[in-house]
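For the sequence shown, position 152 matches number 241 in this note's numbering, and the numbering has no gaps at all.
Beta carbons: idealized from backbone N, C-alpha and C, even for Gly.
Since the model is a prediction, treat every value here as computed from it, not as a measurement.
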Amino acid sequence: MLEGNVQKSWLLIAIYIEEGHSSTDVYTFLTEAMYEIGKRWQENKISVADEHLATATCDYVLTRFQLSQHQLLQRHRALLFCIEGEEHYLGIKMIAGLMREQGWEVKNLGANLPLPFALKSIERWDPDVVCLSVSQVHLLPDLQKYIAEIENMPQSPLVLVGSRLLNKHDLSASGSSRTIFINHIQAFKDWLLINNKESSTQDKMLAMGEEI
Ligand code: B12
């Protein structure tokens, strides 16, 4: 990915899939590669330009992988986005891919979405679940505002928050029982599988989230 070699990067992933690895494995593999890139950038071993190239290559591989997947019948709706000021969108793109793969109708609004636009989209589209992503510590106070406003909406969708920051920060007090925090893609996949199998109501989804 650091070479910007999209064909080679895709080929590696294609071989990985051929070996029998699941989509969660693919996403975990790419997440770890990007974390390693962050580490090298922090250690001044690579530049911001290298990081941008790797991001673009990772994005290409993700798109190609997601296009190669089959769609199931769509039963639930999810709206996904990163909160305002947050440009790190690869995580939410992976989450969107997993949801589509499990038969969700997904709208991924991507990076940096101001709260009023998020609320308008929820009002208009009425999703069952709203997924939020945040990667930077200084944005955590804003995350609380998003959660509070979304929880107060008459549509009252379930809110799912995911972030690498959850490994270090306990955000559970930021939302009511209608908000679920998931820090790892495998835990998210488990949540999806349980909900797809057993539930069609939001209350049931919530109960499953609490178990995880
Ligand atoms: C690539 C990258 C960039 C790219 C972003 C490209 C893009 N469009 O996404 C660029 C170069 C633009 C960038 C910019 C910046 N970055 Co940057 N970046 C990274 C890097 C190297 C990788 C991020 C990534 O793509 N990871 C891979 C994805 C898949 O992982 P993830 O987001 O964690 O998502 C996984 C889970 O968290 C979870 N998940 C995520 N969201 C959700 C949502 C739900 C609902 C669920 C269930 C799960 C879930 O599942 C995902 C899949 O496994 C990280 C290093 C790191 N350790 O993360 C730094 C990092 C995130 N960046 C950082 C910083 C500081 C910045 C800048 C402020 C730098 C600057 N001075 O300009 C800017 C901020 C830009 C902005 N306004 O957002 C810091 C954040 C520090 C902090 N804790 O606050 C990090 C950690 C680097 C570091 N070690 O200092 N960055």
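Per DSSP, cross-strand counterpart(s) of residue i
i    : result
L168 : K196 and V219
G251 : S222 and I271
L202 : I172
Near ligand 1: residue i beta-carbon under 7 Å from a heavy atom
i    : result
T117 : yes
T144 : yes
R166 : no
W130 : yes
H141 : yes
E176 : yes
G93  : no
Q225 : yes
Y124 : yes
F277 : yes
V195 : no
A103 : no
I239 : no
N253 : One detail in the question is off: residue 253 reads as Arg in this sequence, not Asn. Under cutoff, so the answer is yes.
L268 : Rather than Leu, the amino acid found at residue 268 in this sequence is Thr. No; taking the cut-off as 7 Å, the Cβ of T268 has no heavy atom of ligand 1 nearer than that.
A200 : yes
I271 : yes
L249 : yes
G186 : no
L208 : no
Endpoints, the beta strand (DSSP E) within which residue i is located
i    : result
I269 : T268 to I271
Where the alpha helix (DSSP H) containing residue i begins and where it ends
i    : result
A262 : First-last for A262: undefined, no H or E at that position.
L119 : S112 to Q131
G109 : Premise fails: G109 is in no alpha helix (DSSP H) and is neither H nor E.
Q244 : No alpha helix (DSSP H) holds Q244; DSSP gives it neither H nor E.
H141 : V137 to L156
M183 : L179 to E190
E240 : L229 to E240
Residue i beta carbon near ligand 3 (any heavy atom closer than 7 Å)
i    : result
T152 : As presented, the structure is devoid of ligand 3, carrying ligand 1 as its sole ligands.
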